[in-house]
Structure formats: structure tokens, C-alpha cells
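J.:
Residue numbers (our numbering): 8 to 145.
(1) Would the stretch 120 to 128 and the stretch 90 to 97 be scored as touching if the rule is three or more Cβ pairs under 8 angstroms?
(2) According to DSSP, is residue 10 helix, strand or coil?
(3) Using only the alpha-carbon positions, how far apart do residue 18 and residue 66 sit?
(4) Assuming residue 101 and residue 88 are in contact, meaning their beta carbons sit under 8 angstroms apart, how far apart are those beta carbons, in whole angstroms?
(5) Any idea if residue 54 is buried or exposed, counting beta-carbon neighbours within 10 angstroms, 16 or more meaning buried?
(6) Can you list, in chain order, the residues of its chain whose CB lies under 7 angstroms from that of residue 113, leaving out five sequence neighbours each side?
(7) To the nearest angstrom, how far is it from the Cα of residue 16 to the Cα of residue 99?
(8) Residue 93 by DSSP, collapsed to three states: which one?
(9) Would residue 81 and residue 62 be called neighbours here (beta carbons separated by less than 7 angstroms)?
(10) Going by the beta-carbon positions, is the gap between residue 28 and residue 68 smaller than 7 angstroms?
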């Protein structure tokens, strides 16, 4: 742990970088550290890429990739993953963006169930309630 956040392993981003989707944190008033939170990704969630919208599964209280059409809590996005992780066989502690950020909606890593722009926009509207907004105003 460093400053209350889990230490992150070195990861390869396959040509994608966090700044491709995350453009700003905080309100500009020195509160960027309050945009992040420690989270536990559920074992079995698989390999997730940074920029993945996350939800909290109701039964476990653990974070998973947000999925359209479910009814177990995983349909409601509440955060964005900051690092590539592999939670295939174990839980992973990680930092997430949970409020007050400017992002590029088109560069987020959506679960395959978000197969239309309308589904993505509807889910992103829920993140907007947490002051996570698209820099392009979509």
C-alpha cells in the first residue's frame, strides 16, 4: 500500500495509455487525490484493461466489469479501472476513478454487452452523476 492505495504491478498497455482516456481528475481545486478509491476486483472477473467501466456486484460487494442486461448490480457503472489487471484466479486490489474526472468516452474499454452507442451512452449517464464526464460533451 502507498498512501492508502494498493501498489500496482508493472503492466504493458499494448500501445494504449491511461492518458488516452483519462484527461483530468478533480475539480481543479487540489482535490485530485479524492477522485480515486481503493477497490477489490472479484476473483473470476478475468483480464480487465485500464479504462474499463466497473460496477459493484451486489452479492459480493466486489467490483466487476460493468455488463449491460444483468440484474445483479453489475449493470450499474460506478468507477473506471486505472490499471490492467488479471483477476482470473484471484481477487485483485486496485485503484479506480470513482468521481470527478474528465474522460474520452470513445476510448473506454466497454464489456462486449455494450454493443451499441446507445447502451454506452445510457451507462455513461450514470457515471455523469458521479461527475465523470466526457471531454467531448457526449
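Note that CB positions come from ideal geometry on N, CA and C, so glycine has one too.
T.: Concretely, from the data shown:
(1) These segments do not touch.
(2) Caution applies to residue 10, whose pLDDT of 49 falls short of 50 and renders its modelled position unreliable; the value that the coordinates give is listed next. Correct three-state label for residue 10: coil.
(3) Only weak support is given to the placement of residue 18: the predicted model assigns it a pLDDT of 46, under 50, and the value that follows is read from those uncertain coordinates. Those two C-alpha atoms are separated by around 30 angstroms.
(4) Sure, about 7 angstroms apart at Cβ, within 8 angstroms.
(5) Classification of residue 54: exposed, given that the 10 Å Cβ count is below 16.
(6) No residues qualify anywhere along the chain.
(7) Caution is warranted here: a pLDDT of 47 is assigned to residue 16, below 50, making its placement in the model unreliable, and the coordinate value is therefore given only provisionally. Each residue's alpha carbon lies about 11 angstroms from the other.
(8) DSSP places residue 93 in strand when its eight states are reduced to three.
(9) For the 7 angstroms CB-CB criterion, residue 81 and residue 62 form a contact.
(10) Contact: no.
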